[in-house]
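Visitor:
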């Protein structure tokens, strides 16, 4: 990104569901080979993700902020109160953050994290957590640069019979 490039962020609406879905699918397909099963990644559908994102945005959970660089959508972040049963109301959560692969390494992710953390703090949260795939070294390094610390908490889910582990990270707000 050029030094004078601006990053604009605004709240997403259900009309943004196709943009969010396209970035979501492109990011997963670029980031998760070798971590998630190849047939699963190949079968990801922007249309299906659009429907899911439209429903989530209409329901208002999670909150989603959309980033634009040079008036083009470049990434998004989903956030809100924590979904984790072992955390109380003082905790917020970054549920997901994805950038279009062509926009990685340009400061957009850091800007989105700062934006969501500021809004979570303004909503009364004192802490923020997120879950990241154990094998996603690039994302873990990014979160650590942003002040997040790994916990010992690991959870496992399966995709097409393949176990995938996530580790929880946290930090104080703002």
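In the numbering used here, the protein residues as written are 49 to 222.
Backbone N, C-alpha and C define an ideal beta-carbon position, used for all residues, glycine too.
In angstroms, rounded to a whole number, what distance separates the CA positions of residue 189 and residue 198?
Guide: Each residue's Cα considered, the two are about 11 Å apart.
Visitor: Under the assumption that residue 139 contacts residue 71 (Cβ atoms under 8 Å), give the Cβ distance between them as a whole number of angstroms.
Guide: The pair is not a contact, with the Cβ atoms about 26 Å apart (cut-off 8 Å).
Visitor: By DSSP, does residue 167 sit in helix, in strand, or in coil?
Guide: The answer is helix: DSSP assigns residue 167 an H, G or I state.
Visitor: Grouping DSSP H, G and I as helix and E and B as strand, with all else coil, what is residue 80?
Guide: If DSSP states are grouped into helix, strand and coil, residue 80 belongs with coil.
Visitor: Within 10 Å of its beta-carbon, does residue 64 have 16 or more other beta-carbons around it, so buried, or fewer, so exposed?
Guide: Burial call: buried.
Visitor: Report yes if the CB atom of residue 31 is closer than 8 Å to the CB atom of residue 215, and no otherwise.
Guide: Only positions 49 to 222 of the chain appear in this structure, which leaves residue 31 out of reach.
Visitor: Alpha carbon to alpha carbon, how far is residue 77 from residue 87?
Guide: In a straight line, the C-alpha of residue 77 is about 11 Å away from that of residue 87.
Visitor: Given a cut-off of 8 Å on the beta-carbon distance, is the pair residue 60 and residue 89 in contact?
Guide: Contact flag unset, no.
Visitor: Taking C-alpha atoms, which residue in 207, 209, 143 lies nearest to residue 180?
Guide: The candidate whose alpha carbon is nearest that of residue 180 is 143.
Visitor: Would you kindly work out how many angstroms separate the C-alpha atoms of residue 113 and residue 208, rounded to a whole number?
Guide: Whole-angstrom Cα-Cα distance: 30 Å.
Visitor: Could you have a look at residue 58 and say whether DSSP puts it in helix, strand or coil?
Guide: Looking at residue 58 - three-state DSSP - the assignment turns out to be strand.
Visitor: Helix, strand or coil for residue 87 per DSSP?
Guide: The answer is helix: DSSP assigns residue 87 an H, G or I state.
Visitor: Nearest by alpha-carbon distance to residue 147: which of 126, 211, 174 is it?
Guide: The option with the nearest alpha carbon to residue 147 is 126.
Visitor: Got a sec, what are the start and stop residues for the beta strand (DSSP E) residue 117 sits in?
Guide: Segment 111–117, the beta strand (DSSP E) holding residue 117.
Visitor: Would you kindly work out how many angstroms separate the C-alpha atoms of residue 159 and residue 211, rounded to a whole number?
Guide: Looking at the two C-alpha atoms, the distance is approximately 32 Å.
Visitor: Please report the residue range of the beta strand (DSSP E) in which residue 147 lies.
Guide: Taken as a continuous stretch (DSSP letters only), the beta strand (DSSP E) holding residue 147 covers 139–147.
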